[in-house]
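All residue numbers for the sequence shown refer to my numbering, where the first residue is 7 and numbers rise by one. Built from N, CA and C at the ideal position, the CB exists for glycine as well. Since the model is a prediction, treat every value here as computed from it, not as a measurement.
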Amino acid sequence: MDNQLLFYKRIVSLNPAAHGRLHIAPSEDVSYARVSNSVPLIGPEFSEAGKEYPIAFAKAGDGHFVPVVVLGLNDGENLFVNAVGRWTGHYIPAFVRRYPFVPAEQAEDKQLVVCFDDTCPRFNETAGEPLLVDGAPSAYLQQIIAFLREFHAESQLTAQFAATLHELDLLTERRADAVSPSGERYSLSGLWIVDEARFQKIGRDALDSLFQAGWLGLIYLHLASLSNFARLLERKAAVSTE
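In structure tokens, the structure reads:
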């Protein structure tokens, strides 16, 4: 799973010379997320997301682990985007909300660069919010930049959290198997969860370290969210009968 791309198609960096007249039209259409059965999650989202979605971990292409919200039981299926492209859940993950923008770090100085998917149909040169005004970020873009900076910072902390769980050998691979009331079987592989038996046996030093980092609560929120797989099956059954 590439936690940077998913439904992004062609990412370019914002360039005042090339994009000085670019606007973005407002829209509640999230149909771009329809093909993603999971999206990355950052730590501050665990509380709200865990009320509605299962939170698991996925192994990224580079071997690192990434917390994700599970949104569907089949590949390419998002049960929370309806036929007209509206999100039907109560909480929309930040990864979905940030589209079509994405932060990137410059290799030389680690400065954040605003990038975006230039295939997004919301971009035009006349309607909506301008990205730049006289070559400088507009008020709208300044809000986007603040959001991207916070998202990037929290993503790095969340990556440390997932890496620590892996180092402590707390993650175990699980396959989510489910059977609908009509007898249909679903199986979702590539998911990792915290092994409760191993978690209960970790030493006091490791436990204190998790607590001091603020990560102990995230583990409990993750474990509690796993019961939402049953709700996901109910939603699958409801969607199938529409």
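What do you get for residue i, buried or exposed, if any count of 16 or more other CB atoms within 10 angstroms of its CB means buried?
{"i": "Lys-15", "result": "exposed"}
{"i": "Asn-21", "result": "exposed"}
{"i": "Thr-94", "result": "exposed"}
{"i": "Val-18", "result": "exposed"}
{"i": "Val-200", "result": "buried"}
{"i": "Glu-119", "result": "The sequence shown places Val at residue 119, rather than the Glu named in the question. Exposed is the call here."}
{"i": "Ala-182", "result": "buried"}
{"i": "Tyr-59", "result": "buried"}
{"i": "Ala-55", "result": "buried"}
What's the C-alpha gap between residue i and residue j?
{"i": "Gly-196", "j": "Asn-80", "result": "12 Å"}
{"i": "Val-102", "j": "Arg-155", "result": "16 Å"}
{"i": "Pro-50", "j": "Ser-37", "result": "25 Å"}
{"i": "Asn-9", "j": "Ala-62", "result": "For Asn-9, the predicted structure reports a pLDDT of 44, less than 50, and the residue's modelled location is therefore unreliable. The matter cannot be settled from this model."}
{"i": "His-70", "j": "Ala-168", "result": "8 Å"}
{"i": "Asn-88", "j": "Ala-100", "result": "19 Å"}
{"i": "Arg-104", "j": "Phe-122", "result": "10 Å"}
{"i": "Asp-147", "j": "Pro-32", "result": "The amino acid at residue 147 is misidentified as Asp; the sequence shows Leu. If I take the Cα positions, the gap works out to 13 Å."}
{"i": "Gly-209", "j": "Ser-215", "result": "10 Å"}
{"i": "Leu-12", "j": "Lys-207", "result": "36 Å"}
If you follow the beta strand (DSSP E) that residue i is part of, which residue opens it and which one closes it?
{"i": "Ile-17", "result": "17-19"}
{"i": "Leu-261", "result": "A query on residue 261 cannot be resolved here, the shown segment of the chain reaching from 7 to 248 and no further."}
{"i": "Asp-123", "result": "118-123"}
{"i": "Leu-111", "result": "Note that residue 111 is Glu in the sequence shown here, rather than Leu. Here the beta strand (DSSP E) through Glu-111 covers 107-111."}
{"i": "Phe-63", "result": "61-65"}
Measuring alpha carbon to alpha carbon, tell me which of the options ends up nearest residue i.
{"i": "Glu-240", "options": "Pro-99, Ala-203 and Arg-191", "result": "Arg-191"}
{"i": "Phe-205", "options": "Gln-112, Ser-233, Thr-178 and Gly-134", "result": "Thr-178"}
{"i": "Val-90", "options": "Ala-39, Val-72 and Asp-123", "result": "Ala-39"}
{"i": "Glu-202", "options": "Glu-114, Leu-171 and Gln-117", "result": "Leu-171"}
{"i": "Lys-57", "options": "Ala-24, Ala-159, Val-75 and Ile-151", "result": "Val-75"}
From the DSSP output, read off the bridge partner residues of residue i.
{"i": "Leu-194", "result": "Ala-182"}
{"i": "Ala-142", "result": "Val-139"}
{"i": "Glu-34", "result": "Note: Glu-34 sits in no beta bridge, so no partner."}
{"i": "Leu-177", "result": "Val-200"}
{"i": "Val-87", "result": "Trp-93"}
What residue range is occupied by the uninterrupted alpha helix (DSSP H) comprising residue i?
{"i": "Ser-231", "result": "222-231"}
{"i": "Pro-22", "result": "22-25"}
{"i": "Ser-44", "result": "Premise fails: Ser-44 lies in the beta strand (DSSP E), 44-46, not in any alpha helix (DSSP H)."}
Would you please verify whether the beta carbon of residue i is less than 8 Å from any beta carbon of chain C?
{"i": "Arg-128", "result": "The displayed structure is made up of one protein chain only, and chain C is not part of it."}
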